[in-house]
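**Student:** Residue 107 in the numbering used here is what sits at position 95 of the sequence shown, and the numbering runs on without skipping anything. Every residue gets a Cβ at the ideal spot worked out from N, C-alpha and C, and that includes glycine.
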Amino acid sequence: MGGPWYVTRDLGAGLTLTHASSGQLRYNGPPSLVPPGGDVVTNFCLHLHGATELVQRDRLAEVDAGHGVMYDHNRPWSMRFTRPGQGLILRFPRERLPLDRGDVDRALARTIAPGLGTMRMLSGYLRELDAVAAGLSESRLREAGLVALDLLTMTLRGVVDDTDSAATDATLRMMRRYVRDNLHDRDLTVATLARRHLVSVRHTHTLFAGAGSTPGGYIREQRLLAARAMLSDPRYRDATIAEIAAVGGFLEPRTFERAFRRRFGSTPGVWRRGRAQKTSVRGAESALVSIPRAGWNQR
């Protein structure tokens with residue numbers, strides 16, 4: 013097959029897409045390179061040809077052509093190619109995923125089969141993006157990268173729900189999905205969540221307790237994650253913090269600011285300025301795309 017080669021496209025906002033071939037049978041990732049408070053960089057790899065085995069967190073994923081797998085790039089990992097081939101690698105700061113940290117951890121080193129509907133969408137989109145990227149402007153590449161991240165987020169939610177299925181009640185999975193789809197609803201409370209799913213408030217608390225959380229805590233966490241994703245996203249740079257708080261279901265901007273500071277260690281304004289400097293968004297035309305951010309509804 014010849015030696016390894018790769019072509020990398022900068023998608024802006026910390027994202028890249030690389031088309032690479034494997035020229036050796038084994039790759040070993042570095043020891044942890046994440047400094048205290050530093051960013052974790054994550055890869056999603058779509059295998060186009062060949063087959064590989066990836067190990068991270070003592071978990072083995074066997075990946076064939078058409079399958080996908082995600083792993084943290086700057087934390088220990090190893091990859092062994094049983095059949096050399098090619099793949100597309102979407103690299104991004106892990107914090108850009110609007111998912112619980114635990115959910116992302118559970119999705120690492122999991123084989124994602126092409127039969128999953130959202131995986132088919134993601135696979136087709138990445139292949140098409142790789143084919144046309146050379147002719148796209150910087151602003152269009154940035155838009156395309158964010159759409160790819162949206163599709164990956166939807167795909168990972170399906171993976172996490174599947175891994176939860178053996179241990180988590182189906183009603184809880186439906187409740188969690190309902191919360192993620194209705195974060196904009198200011199009337200989303202434990203009582204409305206219980207009523208919507210025809211169970212008691214007490215049973216709702218029991219279901220969430222079995223998963224190590226509370227219903228109110230889960231709603232608040234999802235709202236904060238969605239708001240943080242918007243603050244980090246150049247598509248919403250013209251939205252005020254109050255508007256972002258409202259989309260996330262917070263009644264009062266001050267309540268949102270206090271909750272955000274407690275969760276992430278800084279105010280929303282400081283977070284937004286830090287992300288803008290870090291990703292070096294350079295005066296591009298940032299247009300809203302037709303696919304909404306996963307995990308919340310635009311109004």
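Three or more C-beta pairs under 8 Å: does that hold for the region 69-78 against the region 20-30?
**Tutor:** At 8 Å Cβ cutoff, the stretches do not touch.
**Student:** Does DSSP put F262 in a helix, a strand or coil?
**Tutor:** Taking the first residue of the sequence shown as position 1, residue 262 is located at position 250. In the structure shown, F262 sits in coil (DSSP, three-state: anything other than H, G, I, E or B).
**Student:** Under DSSP, the alpha helix (DSSP H) around A63 begins and ends at which residues?
**Tutor:** Start at 1 with the first residue of the sequence shown, and residue 63 comes out as number 51. Here A63 belongs to no alpha helix (DSSP H); instead the beta strand (DSSP E) covers 53-68.
**Student:** S135: buried (16+ other C-beta within 10 angstroms of its C-beta) or exposed?
**Tutor:** For the purposes of this step, residue 135 is taken as residue 123 along the sequence shown, with counting starting at 1. With 16 or more other Cβ atoms within 10 Å, it is buried.
**Student:** How do the region 150-164 and the region 194-207 stand: do at least 3 beta-carbon pairs fall below 8 Å, yes or no?
**Tutor:** The answer is no - the region 194-207 does not touch the region 150-164, with fewer than three Cβ pairs under 8 Å.
**Student:** Find the nearest neighbour of R87 within the set V81, T64, V52, M242, judged by alpha-carbon distance.
**Tutor:** Walking along the sequence shown from the start, residue 87 turns up at place 75. It is V52 whose Cα lies nearest to the Cα of R87.
**Student:** Judging by CA-CA distance, which residue of E269, L168, T54, A32 is the nearest neighbour of T123?
**Tutor:** The residue given as residue 123 occupies position 111 in the sequence shown. Answer by Cα proximity: L168.
**Student:** Using a threshold of 8 Å, state whether the C-beta atoms of M166 and L120 are closer than that.
**Tutor:** One-based indexing of the sequence shown puts residue 166 at position 154. One-based indexing of the sequence shown puts residue 120 at position 108. No, these two residues do not count as a Cβ contact at 8 Å.
**Student:** DSSP state of T315, grouped into three classes?
**Tutor:** Look at the range of the chain in this structure, 13 to 311, and you will see that residue 315 is not part of it.
**Student:** At which residue ranges does the region 94-121 contain complete alpha helix (DSSP H) runs of 4 or more residues, listed in the order of the chain?
**Tutor:** You should have 113-119.
**Student:** Rounded to whole angstroms, what is the Cα-Cα separation between T218 and R284?
**Tutor:** Sequence index remark: in the sequence shown, residue 218 carries index 206 (1-based). Sequence index remark: in the sequence shown, residue 284 carries index 272 (1-based). Between T218 and R284, the C-alpha separation is close to 36 Å.
**Student:** In angstroms with no decimal places, state the Cα-to-Cα distance between W308 and L236.
**Tutor:** For the purposes of this step, residue 308 is taken as the residue at position 296 of the sequence shown. For the purposes of this step, residue 236 is taken as the residue at position 224 of the sequence shown. Because the pLDDT at W308 is just 39, under 50, the model does not fix this residue reliably, and the value given afterwards should be weighed accordingly. Spanning the two alpha carbons is a distance of roughly 11 Å.
**Student:** Does the Cβ of A238 have 16 or more other Cβ atoms within 10 Å, making it buried, or fewer, making it exposed?
**Tutor:** Here residue 238 is taken as the residue at index 226 of the sequence shown, counted from 1. Buried, because 16 or more other Cβ atoms sit within 10 Å of the Cβ of A238.
**Student:** Let's test the definition: count the other Cβ atoms within 10 Å of the Cβ of V116 and tell me whether it reaches 16, buried, or not, exposed.
**Tutor:** Here residue 116 refers to the residue found at position 104 of the sequence shown. Its Cβ being crowded by 16 or more others within 10 Å, V116 is buried.
**Student:** Within 10 Å of its beta-carbon, does S12 have 16 or more other beta-carbons around it, so buried, or fewer, so exposed?
**Tutor:** The first residue shown for the chain is 13 and the last is 311, placing residue 12 beyond what the model contains.
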